[in-house]
Amino acid sequence: EILGINDRRQLAEAERVMRQRILDSLMTSGITIVDPATTFIDADVQIGRDTVVRPFSVISGESTIGEDCVIGPFAQIRDSIIGDACRIERAHVDQSTLAQNVHVGPFSRLRPGSVLDDGVRVGTHAEIKNSHIGAGTAIAHFSAVLDSDVGANANIGAGTVTANFDGVDKHRTAIGDRAQVGSDTILVAPVRVGEDAYTAAGSVITADVPAGSLAVERSEQKIVPGWTERRRGRRKREDST
């Protein structure tokens, strides 16, 4: 079949034909494309058998995806390696490597240089960049793990940030095996959290935390009895004037 291409409309038609051929070849080889009309996969992409690609997914570059994966809906994957039995939902994966049984999303972003070992879980609205995440570690949600080395079976609480940039240089954060990083912890790099160490929720960690230790860095809570009633009374007086 020969198509002449003299304008953008004809170019789009030729691209549609080639895209359908790519999808047909994948489906023939045992990959499920739920909605070919909304799925875009480059010719150099390799996908293993029994993987399901859901609608509105874009897989580009020299990406490789293993067997028994679920990709999408709304997944974007570029120049990445995805192992077997991974699930990527409403997520952006760019120049990253995922081992087996890794779950990412929804609404998460893996930036270049991210390496996730077996069984890693990355929850909603999390971002990882230039980091190695050990097997079985969970990065639940609303976290930014940047320029970090995280051990196996650690837990990164919601709202955790590895503050990697001091305004001039980027620095790395190290988190040991089985460490428990409390919600809303800020780890100011360069800093290390040792194996089996804990950080209390809301802490700003600026010094290394030894293995097996708990780090707490926050002000003492203050209770002001009767504050609400006094405030409401003051507002009533102001409104009456």
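Numbering (my numbering), first residue to last: 747 to 987. All residues carry an ideal CB built from backbone N, CA and C; glycine is no exception.
- Message: Within the continuous beta strand (DSSP E) that includes I823, where are the two ends?
- Response: Here residue 823 is taken as the residue at index 77 of the sequence shown, counted from 1. Going by DSSP, I823 is part of the beta strand (DSSP E) stretching over Q822 to R824.
- Task: Quick one: grab the DSSP three-state call for V962.
- Result: Position 216 of the sequence shown, counted from the first residue, corresponds to residue 962. Residue state, collapsed to three classes: coil.
- Nearest-angstrom beta carbon gap, A935 and H917 [assumed within contact, 8 Å]: Stepping through the sequence shown from its first residue, residue 917 is reached at position 171. Stepping through the sequence shown from its first residue, residue 935 is reached at position 189. With a Cβ gap of about 4 Å, H917 and A935 count as contacting.
- Name the DSSP beta bridge partners of E873, please? Counted from its first residue, the sequence shown places residue 873 at position 127. According to DSSP, which records beta bridges pairwise, E873 is partnered with R855 and A890.
- Can A837 and R855 be called in contact, C-beta distance under 8 Å? Translated into positions along the sequence shown, residue 837 becomes position 91. Translated into positions along the sequence shown, residue 855 becomes position 109. Their beta carbons are under 8 Å apart, which means A837 touches R855 by this criterion.
- Three-state class that DSSP yields for Q846 in the structure shown: Residue numbering aside, residue 846 sits at position 100 when the sequence shown is read from its first letter. Three-state result, Q846: coil.
- Item | Top-ranked residue by Cα proximity to V937, from Q822, G948 and G922 | Taking the sequence shown and counting its residues from 1, one reaches residue 937 at position 191. Residue G922 holds the alpha-carbon nearest to the alpha-carbon of V937 among Q822, G948 and G922.
- Message: Between which residues of its own chain and G829 is the CB-CB distance below 6 Å, once the five residues before and five after are set aside?
- Response: As a first step, residue 829 must be located in the sequence shown, where it is residue number 83. Excluding residues within five positions, the ones whose Cβ falls inside 6 Å are G812, L844, A845 and Q846.
- Could you check what DSSP says for A935 in three-state terms: helix, strand or coil? Working through the sequence shown from its first residue, we reach residue 935 at position 189. In the structure shown, A935 sits in coil (DSSP, three-state: anything other than H, G, I, E or B).
- Item | Which of helix, strand or coil DSSP assigns to V927 | If you number the sequence shown from 1, residue 927 lands on position 181. When DSSP states are grouped into helix, strand and coil, V927 belongs to the strand group.
- Item | N-terminal and C-terminal residue of the beta strand (DSSP E) that A957 is part of | Against the sequence shown, residue 957 aligns to sequence position 211. Careful: A957 lies outside any beta strand (DSSP E) and carries neither H nor E.
- Which class does K916 belong to by DSSP, given the choice of helix, strand or coil? Taking the sequence shown and counting its residues from 1, one reaches residue 916 at position 170. Reduced to three states, the DSSP call for K916 is strand.
- Item | T974: first and last residue of the uninterrupted alpha helix (DSSP H) it sits in | Numbered from 1 along the sequence shown, position 228 holds the residue referred to as residue 974. W973 to S986 is the span of the alpha helix (DSSP H), which, as asked, contains T974.
- In or out: G913 buried (at least 16 other Cβ within 10 Å) or exposed? Here residue 913 corresponds to residue number 167 of the sequence shown, with the count starting at 1. That one is exposed.
- Query: Going by DSSP, which residues form a beta bridge with S806?
  - Reply: In the sequence shown, residue 806 corresponds to position 60, counting from 1. Answer by DSSP bridge pairing, in chain order: R824.
- Message: Whole angstroms are fine: how far does the CA of P819 sit from the CA of R800?
- Response: By one-based count along the sequence shown, residue 800 stands at place 54. By one-based count along the sequence shown, residue 819 stands at place 73. So the alpha carbons of these two residues sit roughly 5 Å apart.
- Message: Can you check which of these residues, S775, A783 and F802, is closest to V763 by C-alpha distance?
- Response: One-based indexing of the sequence shown puts residue 763 at position 17. It is A783 whose Cα lies nearest to the Cα of V763.
- Message: Checking the sheet assignment: what are the DSSP bridge partners for N901?
- Response: Residue mapping note: residue 901 aligns to position 155 of the sequence shown, counting from 1. DSSP output for N901 lists A884 and Q926 as bridge partner(s).
- Does DSSP classify I969 as helix, strand or coil? By one-based count along the sequence shown, residue 969 stands at place 223. Reduced to three states, the DSSP call for I969 is coil.
- Pairing CB atoms from the region 877-891 with CB atoms from the region 904-911, are three or more of them under 8 Å? Yes: the two stretches touch, three or more of their Cβ pairs being nearer than 8 Å.
- By the 10 Å Cβ neighbour count, where 16 or more other Cβ atoms means buried, how is G807 classified, buried or exposed? Translated into the one-based positions of the sequence shown, residue 807 becomes position 61. G807 should be labelled exposed.
- Status (buried if at least 16 other CB within 10 Å, exposed otherwise) for S826: Position 80 of the sequence shown, counted from the start, is the residue given in the question as residue 826. By the neighbour-count criterion, in which 16 or more other beta carbons inside 10 Å mark a residue as buried, S826 falls on the buried side.
- Item | Bridge-paired residues (DSSP) for A909 | Here the question's residue 909 lines up with position 163 in the sequence shown. The bridge partners DSSP lists for A909 are V934.
- Query: In terms of residue numbering, what span does the beta strand (DSSP E) encompassing D840 cover?
  - Reply: Position 94 of the sequence shown, counting from 1, holds the residue named residue 840. Segment A837 to D840, the beta strand (DSSP E) holding D840.
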